[in-house]
Amino acid sequence: MLPAARATAWLALPALLLAAEDLDSSTCLTLDPFDSALPQTTPSPYILSCSKTGRITNQDSVIFTIKSSRPRVDFRRFVVQALDRESGMAVGMFVDTGDADITVVNCFGRSENTAIEFDTDPKTEAHMRWMPDFDYEGNITFLSTIVQSGEIFWLREKGDSISVYNPW
Numbered sequence: 001m002l003p004a005a006r007a008t009a010w011l012a013l014p015a016l017l018l019a020a021e022d023l024d025s026s027t028c029l030t031l032d033p034f035d036s037a038l039p040q041t042t043p044s045p046y047i048l049s050c051s052k053t054g055r056i057t058n059q060d061s062v063i064f065t066i067k068s069s070r071p072r073v074d075f076r077r078f079v080v081q082a083l084d085r086e087s088g089m090a091v092g093m094f095v096d097t098g099d100a101d102i103t104v105v106n107c108f109g110r111s112e113n114t115a116i117e118f119d120t121d122p123k124t125e126a127h128m129r130w131m132p133d134f135d136y137e138g139n140i141t142f143l144s145t146i147v148q149s150g151e152i153f154w155l156r157e158k159g160d161s162i163s164v165y166n167p168w
């Protein structure tokens with residue numbers, strides 16, 4: 001795909017998502033927003049963290065944050081999922097992101113388990129609230145693809161891991 005076509009696909013995606021609220025299965029699985037561009041192989045300049053680490057109950061929520069680790073290094077877009085470490089499937093849901101530019105979409109037939117930022121304005125930090133499914137017990141790791149600009153992106157960067165248990 002030509003660079004202009006890739007950019008057009010990124011720009012058209014929000015309209016498609018508003019109609020369907022589902023992300024295509026390829027992007028859900030790979031978290032790769034591009035058809036042929038290669039991700040960066042250098043260490044990511046972004047910090048991926050959670051407001052709580054270690055163990056949480058399946059009734060808790062955490063704030064997941066993407067933040068630049070250096071001054072004047074911003075990003076423009078991202079895709080985030082919380083993946084079950086055993087199955088590799090996206091679990092839980094993103095709720096009350098607090099940011100109108102973050103869209104919550106469905107992957108693998110499950111509601112609101114993927115958060116996406118489409119706004120192209122540069123930003124150095126983004127926050128979103130994630131909650132486990134009510135009946136979920138297991139271990140999750142947050143994964144994110146972060147787009148710095150154009151075709152410069154870091155694919156499936158690992159954030160914090162959390163163990164979720166049922167207190168009852």
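Under this note's numbering, read the sequence shown as residues 1 to 168, first letter to last. C-beta: ideal position from N, C-alpha, C; glycine also.
Asked, Found
"Can you give me the C-alpha to C-alpha distance between Asn139 and Val91, rounded to a whole angstrom?", "10 Å"
"Got a sec? Which residues, its chain only, sit under 7 Å from Arg156 by beta carbon, not counting five neighbours each side?", "Leu31, Leu143, Thr145"
"Using only CA atoms, which one of Arg55, Val62, Val80 lies nearest to Pro33?", "Val80"
"From Asp160 to Thr57, what does the alpha carbon distance come to, in whole angstroms?", "16 Å"
"In whole angstroms, what separates the C-alpha of Tyr46 from that of Asp135?", "32 Å"
"Give me the Cβ distance between Ile102 and Met128, rounded to the nearest whole Å; I'm assuming they're in contact under 8 Å.", "6 Å"
"Who pairs with Ser68 in a beta bridge, going by DSSP?", "Tyr46"
"Taking the DSSP output, what are the residues bridged to Trp168?", "None; Trp168 has no bridge partner."
"For Ser51, which residues in the same chain have their Cβ closer than 6 Å to its Cβ, ignoring the five residues on either side in sequence?", "Val62, Ile63"
"What does a CB cutoff of less than 7 Å around Phe108 pick up in its chain, not counting 5 residues either side in sequence?", "Cys28, Met89, Ala90"
"Determine the burial state of Gln59: buried for a count of at least 16 other Cβ atoms within 10 Å of its Cβ, exposed for fewer.", "exposed"
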